[in-house]
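Count along the sequence shown from 1, add 50, and you get the number used in this note's numbering. Structure first, then comments.
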Amino acid sequence: MSMNQQSLLPTLPVEIVYYICDCLDAKTILISFRNICRRLRNIINNYDNYILDFEKTSQSDFRLICQLINPQRVKSLTLYQQTTTFDQTIFFDKQFHVKDFNRLRSLTLIAIKESRLRDVLKHINISSLVSFSLEIGEHKKQRDHVTATLLTSILTRASLRKLALNIEQNRIEAIEWPDSCTIEELKIDKCIGFDAIRRILHHLPRLKTLTIDCYSIKTIHQTNLTAYCQKLTSVSLEKLNMNIADLEFFLQSMPLLIDLKLTGNGNYFDGHRWEKFIQKNLLGLKKFQFYFSDYQNDQLNYPDIEQIIRSFQ
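The structure is reproduced here in structure tokens:
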């Protein structure tokens, strides 16, 4: 950067300084940008749009940022259990006080020990959360009820719109989902059964986007779910292995779909069948992504690859 460019920085309007901060990581803002001059320091001291993502942060940088940051000016926080030698959540617990992060909108916990979950959440004003993502890296059998209770408490918050869970199946099934839950986007990375999915959908009348692991769903109960899927416009079903008739029955409950993604192993390769199904049941569909695989048995006659491709053209 030239001397002329450097001399312009201290004269920038506050709005431009904040825009620049929105494009920088927290370390750059706190250690470099803020220290260019006194005016920038004063402006940045009032900046309240920090995104702290510690997933790929060194131990030294993590400690330094935690010491410099004002938690009341953080809008998004990601904590990551990196190694067995350094637990971010323990240092986090010692550094901050209860409810310090009172303006947080997004919280992501990656590979967190289940025993540390309550200690992390006590620093968060969960009433302000719009997005919550949880991946538990080390489950404790005696903590299953505690985890379900904590998640139930978060789900009752009227501000919550986005939820992602990568936790054991029994934890998900133990959650007491509130009636008329405000979640609009849900992702569940652990396989759960069809009954659990049906029960969850029953409590999510505002749900627009759904991503679920379908590995445990072998069959679909012939229950009409249309009333629970009235606002679903984007669905991703992963690790499918149910038969195509059950899959079609499930998708029939989502007539307003615009975006559909299917990933799985099974006999889903008939493009003509998909065309007829979509034209009859998913009239608003604009984007259809599929990633199908199947194991070939030498004793069975499979259509050649060219024939499969032609059926989707």
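A virtual CB, placed ideally from N, CA and C, is assigned to each residue, including glycine. Note that the structure is predicted; figures quoted are calculated from it, not measured.
DSSP places I238 in the strand class (E or B) of the three-state scheme. Just measuring C-alpha positions, the residue of T232, Q109, L74 and D103 sitting nearest I94 is L74. Taking C-beta atoms under 8 angstroms as the contact rule, I79 and C71 qualify, at a distance of about 5 angstroms.
Within the region 252-316, complete beta strand (DSSP E) segments of at least 3 residues are found at 259-263, 284-290 and 309-315, given in chain order. Around the beta carbon of R221, 16 or more other beta carbons lie within 10 angstroms, which makes this residue buried. Between I186 and I217, the beta carbon gap of about 5 angstroms places them in contact (Cβ cut-off 8 angstroms). Looking at the backbone, the Cα of K144 and that of D150 are separated by about 12 angstroms. The criterion of a C-beta distance shorter than 9 angstroms is satisfied by K212 and I233.
Beta-bridge pairing by DSSP links K337 to D309. When beta bridges are read from the DSSP output, S183 appears opposite T158 and A214. Taking every protein chain shown into account, the CB of T269 has fewer than 16 other CB atoms within 10 angstroms, so this residue is exposed. In the structure shown, S178 falls within a helical segment according to DSSP collapsed to helix, strand and coil. DSSP places D150 outside both helix and strand once states are collapsed to three, so it counts as coil. Linking D344 to I174 through their CA atoms gives a straight-line distance of about 46 angstroms.
With 16 or more other Cβ atoms inside 10 Å of its own Cβ, P121 counts as buried. Beta-bridge partners assigned by DSSP to K125: none are found. DSSP lists N315 as the bridge partner or partners of S343.
In its chain, beyond the 5 residues on either side, T128 have a beta carbon closer than 7 angstroms to the beta carbon of D103. DSSP, reduced to helix, strand and coil, places D194 within a helical segment of the structure shown.
When DSSP states are grouped into helix, strand and coil, E226 belongs to the coil group. Secondary structure at D354: coil, using DSSP grouped into helix, strand and coil. By the Cβ test, the region 191-200 is not in contact with the region 244-252, since fewer than three Cβ pairs between them sit closer than 8 angstroms. The C-alpha of H147 is placed about 47 angstroms away from the C-alpha of L301. The alpha-carbon of G316 is positioned some 40 angstroms away from that of A208. Shown here for R166: same chain residues with a beta carbon closer than 6 angstroms to its own, the five before and five after excluded, namely T139 in chain order.
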